[in-house]
Amino acid sequence: MATYFRSSVIYALLGMALGLHMAATHDHGQMPTHAHLMLFGWVGMTIYAVFYRLYPDAASGVLPRIHAVLAHAALIGLVVGLFIVYGGDPEGGDPIAAISSIILVLNMVLFAFIVWKGTR
Numbered sequence: 002m003a004t005y006f007r008s009s010v011i012y013a014l015l016g017m018a019l020g021l022h023m024a025a026t027h028d029h030g031q032m033p034t035h036a037h038l039m040l041f042g043w044v045g046m047t048i049y050a051v052f053y054r055l056y057p058d059a060a061s062g063v064l065p066r067i068h069a070v071l072a073h074a075a076l077i078g079l080v081v082g083l084f085i086v087y088g089g090d091p092e093g094g095d096p097i098a099a100i101s102s103i104i105l106v107l108n109m110v111l112f113a114f115i116v117w118k119g120t121r
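Numbering (the numbering used here), first residue to last: 2 to 121.
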């Protein structure tokens, strides 16, 4: 699951670029978007990568593939939704962020199942 390591670096760079943009413009209105991108994108994906590296047997099968797709889809949806919300259109971004947040939580439940199963 090297894609987790690779994507975590991309998410970190995007989060840092957003942070630099906020600093340069002195407009920190996208701070929640930046924080979610760094936490779930950089840190979360790195944790997933480390787990699957430490427990390679847990990376086989359909559940880890579903986990990967949902993790990326939920993160991207959440970041887009938050960007829209904190860009000034809460009515437009809230549904995207809400649905993505629910998927992110369900995805963590799936990951918990994979962890419990993979660390027996």
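Every residue, glycine too, gets a C-beta built ideally from N, C-alpha and C.
What you are looking at is a predicted structure, and each value in this text was computed from that prediction instead of being measured.
| Check | Outcome |
| --- | --- |
| Residue 121 (DSSP reduced to helix, strand or coil) | coil |
| Three or more C-beta pairs below 8 Å linking the segment 5-18 and the segment 49-58 | yes |
| CA-to-CA distance, residue 16 to residue 98, given in whole angstroms | 17 Å |
| Residue from 21, 45, 102 and 107 whose Cα sits closest to the Cα of residue 81 | 102 |
| Which of helix, strand or coil DSSP assigns to residue 90 | coil |
| Buried versus exposed call for residue 65 [16 or more other C-beta atoms within 10 Å across all chains shown] | buried |
| Contact the segment 31-41 vs the segment 55-69: 3+ CB pairs below 8 Å | no |
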